[in-house]
Structure formats: C-alpha cells, structure tokens
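Visitor:
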Amino acid sequence: MKYISHEGGTLAFSETDKPVLKSHEVLVKVSAIGVNRADCMQRQGKYPAPAGDSPILGLECAGTVVELGFDVDKSWLNKRIFSLCAGGAYSEYVAIDAKQLMVLPDDLTMVEGAAISEVYLTAFGALFELGKLQQGQTALIHAGASGVGGAAIQMAKSAGATVVITAGSDEKCQHAKALGADHAINYKTTDFVEYMQANELLANAIVDPVSGSYLNKNAAIAAMDCQIIMLAFLDGRFAEVDFAALLRKRISFHASTLRNRSIEFKRQLRDDLVARFYNDIATKKYDFNVYKTLPWSDANEAHAILERNENAGKVVLLVE
C-alpha cells in the first residue's frame, strides 16, 4: 500500500505492506484523514508513537471497512466509518480496533467524518468526563477556533451551558461565535480575566491547551469547585502557581491526553460520546468545522497551515 512517510521531517509518499489484522481489528480503506498537531509534533521527532502503535502518522480517518479480524462482528464489512486510529491513518489502509469504530451516517461526507473523532472525543472527555459540565454552567474554552474548540463550543451549547472562548484574532472570534459561542475574546487585544470580571462570568469548566501563565489567570475567574483541564502547554512547560487561589476555590486541575490512553479507555470514551451526542452528529446538528480540504499529496502544506496557526477548524487530507 501507499502511505506518507515522515523521515527527516518531510512528508513523502512511500510503500509498505498492508497491516496484518489482530482478531479484534478491521482493515479500513482510507478515504479522508484528519490532520492534528500531534502529527506535526511526531513528524518533528517530538512525539513518538506509543509502543505497539503504528509508527505511521495519523490519529483519525474516515473510510470503508474492507476486511475483518476473526472476532469482529460480520456486520461491519463494507460499512462507512469514522474512527480514532492508533497511528497509521496516513495510508491507503489502516488497522483499527473494531470497538472504536463509529458508523458514518449517509448524510455525512468522508471529509466531515475525518474531522470528527479526535476533536469530539477530546472535547467530550475534557468538558463532560473530567470537566463535569452541567446545564446552566459556564465553560471557558481557550483556543476556541481550533478543532477541539469548535467541537467543545457546540457540545457545551447542546448541554445548555454558557460558552466563553478565547482566540487570537477577530476573525477567529467571529468563527467561534458562528459555531455558538456566547462570548468571544481576542486575547491579543483584550485580557480575558478583565472581560469575564466585567461581565460577571465565572467558569465552572475550563479547557486549556495554553497553560503556563494561564493557570493563575484561569484561577482568577474560576467558580467554586471549577475543573481545569489542560490539554497542552503552548505557553511553556513551567509557571509559578498561586496554590492559595486553587485552594480557596477548591479548583481541580487535570492534565489530559488521549493518544497514550489504554484501548479500554478509548472504547469507553467512544461509547459515552455515542450515547450522548451521536444522534446530534448523525442529524448534522453540528458544523464539523472543516477549514480546508487538501489532496494527501499536499500533506506538507496541511502541516504548514497548522504550524502557522492559520486554521479556524480542521484540515483534512483526501486520499486519491
């Protein structure tokens, strides 16, 4: 099969054997690939694949099931699906754990399907499993124009929450408001703490890929018993922390990743998302927030778009 290699930090087509299926896996003919920052980091040598996962890039895709492992329900054969992948999605074919598959509804395109799994599962886990977000509460979502941000905005609104986001331009703020955000703050021109205090907003759940200096600022506008979920540390690895502020408000701080979770965890997260939000996905209640679709021969440009922070939403590669 053809796949995209990343030796030397450059993406280029190469060839290898198709994956050999384990008994619980299916073989998917890939139609579209969701591009993530983790792919960029792995290409740069900063985020190697966990032991046992495919060394090929790609953490999510949409495609068609063409072969089944011995223990897999026969009804999956020839189904259109979207799913997380344990690596390997930048390929013509990828092996995927059957219990992580989600059926791609007929009304959704392969491009839309490829834009869902990573961001919706990440946002769902952050907001609802860790963040415990409830109807009538307030969610603060940093990087609100990102893929995860867009998914988080829409699910939080479905749950009846007030949504506040931060983003780095007026255009990205407008994009987030179009997805349903109630308040959109351009952090380059407005301090989000001052804005939230002026508008009497306190956050019950905070989704934060920035960290660093944001931790103390988050604490300043956190409600009592707030849950802060750190997804990355774009502002740097180290920061001084005012622990008194955390204690005073009984703030819980969670550091969360998805890629290195166990297969059992990912299966349960998938089941929980499907139980609560799959119907909204299937009926296209959400905008799947695709910023740009490129042929997979343009994978280098797709990575460059993410690294320039150009995108508002997902970049998807179409397999030709």
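Position 234, counted from 1, in the sequence shown is what this note's numbering calls 223; the numbers after and before it change by one each time, with no gaps.
Glycine included, C-beta positions come from ideal geometry on N, C-alpha and C.
I'd like to know whether the C-beta atoms of asparagine 188 and aspartate 197 end up nearer to each other than 8 angstroms.
Guide: Cβ distance not < 8 angstroms, so asparagine 188 and aspartate 197 don't count as in contact.
Visitor: Less than 8 angstroms between the CB atoms is what I'm expecting for leucine 73 and serine 106, so what's the real figure, rounded?
Guide: The pair is a contact, with the Cβ atoms about 5 angstroms apart (cut-off 8 angstroms).
Visitor: Find the nearest neighbour of proline 94 within the set Lys281, Arg26 and Thr272, judged by alpha-carbon distance.
Guide: Checked all of Lys281, Arg26 and Thr272; the closest Cα to proline 94 is Thr272.
Visitor: Should alanine 78 and valine 279 be called a contact, given that it needs their Cβ atoms to be closer than 8 angstroms?
Guide: Not closer than 8 angstroms, so no.
Visitor: So glycine 52 is in the alpha helix (DSSP H); what residue range does that whole segment cover?
Guide: Per DSSP, glycine 52 belongs to no alpha helix (DSSP H); it is in the beta strand (DSSP E), 49 to 57.
Visitor: For alanine 209, tell me which candidate among Lys18, Ala132, Gln216 and Gln186 has the shortest Cα-Cα distance.
Guide: Alanine 209 has its Cα closest to that of Gln186, out of Lys18, Ala132, Gln216 and Gln186.
Visitor: Could you compute how far the alpha carbon of threonine 282 sits from the alpha carbon of alanine 192?
Guide: In a straight line, the C-alpha of threonine 282 is about 34 angstroms away from that of alanine 192.
Visitor: Looking at the secondary structure, which residues open and close the alpha helix (DSSP H) in which serine 106 lies?
Guide: From DSSP, the alpha helix (DSSP H) with serine 106 extends over 106 to 113.
Visitor: What would DSSP say about arginine 311, mapped onto helix, strand or coil?
Guide: Past the boundaries of the shown model lies residue 311; the chain is included only from -10 to 309, so the question cannot be answered.
Visitor: Assuming glutamine 31 contacts lysine 255 under a Cβ cut-off of 8 angstroms, what Cβ separation, rounded to an integer in Å, is found between them?
Guide: About 18 angstroms separates the two Cβ atoms, so there is no contact after all.
Visitor: Assuming valine 15 is part of the beta strand (DSSP E), what are its boundary residues?
Guide: Residues 14 to 24.
Visitor: For the beta strand (DSSP E) containing arginine 250, list its first residue and its last residue.
Guide: Where arginine 250 is concerned, there is no enclosing beta strand (DSSP E), given that its DSSP letter is neither H nor E.
Visitor: Exposed or buried, serine 202, counting other C-beta atoms within 10 Å across all chains shown (16 or more means buried)?
Guide: Per the 10 Å Cβ criterion, exposed.
Visitor: Any contact between the segment 110 to 122 and the segment 81 to 88? By contact I mean 3 or more CB pairs, one from each, below 8 angstroms.
Guide: Contact fails: fewer than three Cβ-Cβ distances are below 8 angstroms.
Visitor: On the DSSP letters alone, give me the boundaries of the beta strand (DSSP E) that cysteine 352 sits inside.
Guide: The question about residue 352 has no answer here: the residues shown for the chain are numbered -10 through 309.
Visitor: May I ask you to list the residues that DSSP assigns as paired with asparagine 175?
Guide: Its beta-bridge partners are Ala156.
Visitor: If you count every other CB in all the chains shown that lies within 10 Å of the CB of glutamine 216, and 16 or more means buried, which is it?
Guide: Classification of glutamine 216: buried, given that the 10 Å Cβ count is 16 or more.
Visitor: Can you tell me which residues form a DSSP beta bridge with valine 9?
Guide: Looking at the DSSP assignment, valine 9 forms no beta bridge with any residue, so it has no partner.
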